[in-house]
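Letter by letter, the sequence shown follows residues 1 to 382 of UniProt numbering.
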Amino acid sequence: EFFGYFGQQKQRPKDSSGTQFSREPAPGYFGESFGSESSSTAQRRSRGDLNLASVGPKLEAPKSKLEKLVLASDMPLSSAMSLDWTIQLFSWCAQTLIHLELQCREIPSETWQYFFSEINLPSLQHFRIANDKAMVQLSDILKFLSRHPSIRTLRLLDGIHLPPSPPSSLPTPILPNLEQMVACPAYLQWLLQDENQCPELKEITLLTGYWYSFFRPLSYDLVDTTLENVLLPQSHKLDTIGFTLTREHPDLDAWLQSHVSSSAEGGSNAETSVTNKRILPRFVHTKHLRIDSMSFSDIIESNSRTQTGPSRLELIARFAGSFPDLEYLELDISPADGLITRVVDAIRQHCPQVKKLKIGHASAKDIGQFGQSGSGNVVNAS
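Okay, structure coming up:
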């Protein structure tokens, strides 16, 4: 309906005075021709040029039914006219849109600034941004989030440029209804530096990698700092903590090893477990843990082993076992032949405190319902 409506608009390239409008981007809008002007003057000119993309008096748009929108291409934002059309699309569906995802690759900061300043979605509940290059400025995304307190699920995967020294404080709270957050360490540190920032937050998933480039430099020290300074203070009010790991990262096994017991026993006994970093045993309120992979490959494979030392499966099991009061563990792995039994055996050995286990897309089961026959089948313990 919307594109039919815009099709009529597109066929009317003249205004009432007969002026012909160009469909090309305004000169200099995406360049640096405004470098000698003040930013406010440049902004006024660029917005004025954008208005030239409007093609005469607007027709009455049809009533929107759109609830979810995914921008998975640069095209809707790549020219002045397409950007204007896209913003009008958001205006049309503003009252009904509850889910927005942005997956663009090379949209410049000036365009993002204009885009985020122009859209207002009062019904928005789920927001996800996974842009390739960090072109979105921190101030622009902050203003956008502040105008959308209805957001309940926030996924900041990639694409936001953080300055060397992010603001030391944020307006409190900017997301009073946020319940779930998925983000890399730097974004979590920025948004959740104040423990009271998101009072309804119940679930945090920590990304130990970047969405678009698995092999970009990653500081596991930053991951640990986020664990200790952000997740730990929040852990008493969280229902679930998640880790999305980068299976291919060469330092993953070493990082897991740094958090688990040096003994082969593992388990939840904090008195006998000698860890290198002693962070995980302090998560005494964590009952539900989820571990999955950033890529389409399983974080644990049937033949996965480090070159030396424990297997990836053992490291994951001992990592989970370091949460002393863990009761429910989710592992996002495929139920390959023979693997389930090995996983269950490892969990029983290294996570004796776990009562419920969920593997892949299967339903969660009490740990006692998994058979021990070697078939990997689930049996009814009753």
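The beta-carbon is built from N, C-alpha and C at its ideal position, and this holds for glycine as well. Remember, predicted model here, so these are calculated numbers, not experimental data.
Reference Leu97, options Pro122, Ile204, Pro163, closest by Cα: Pro122
Secondary structure of Thr205, DSSP reduced to three states: strand
C-alpha distance - Pro176 paired with Leu222, whole-angstrom precision: 26 Å
DSSP three-state assignment for Gly371, whether helix, strand or coil: coil
Sub-9 Å separation of Glu179 and Lys202 beta-carbons: yes
Three-state secondary structure (DSSP) of Arg342: It is helical.
N- and C-terminal bounds of the alpha helix (DSSP H) containing Ser219: Run containing Ser219: none; DSSP gives neither H nor E here.
Contact check, Thr208 vs Leu192, beta carbons under 9 Å: No, the pair does not count as a contact, with Cβ atoms beyond the cut-off.
Terminal residues of the beta strand (DSSP E) in which Ile300 lies: Careful: Ile300 lies outside any beta strand (DSSP E) and carries neither H nor E.
Beta-carbon proximity list for Ala320, same chain, < 8 Å, skipping 5 on both sides: Leu289, Ile291, Leu326, Leu329, Ile347, His350, Cys351, Val354
Where Ala183 falls: helix, strand or coil (DSSP): Strand, per DSSP.
For Asp366, three-class secondary structure by DSSP: strand
Neighbourhood of His161 by C-beta distance below 8 Å, restricted to the same chain and skipping five residues each side: Ser109, Ala134, Met135, Val136, Gln137, Leu138
Opposing strand residues paired with Tyr328 [DSSP bridges]: His288, Lys356
Top-ranked residue by Cα proximity to Ile204, from Thr286, Ser258, Arg147: Thr286
Residues that DSSP places opposite His161 in a beta bridge: Gln137
Same chain, Cβ closer than 7 Å to Leu280, five either side skipped, listed in chain order: His259, Ser322, Phe323
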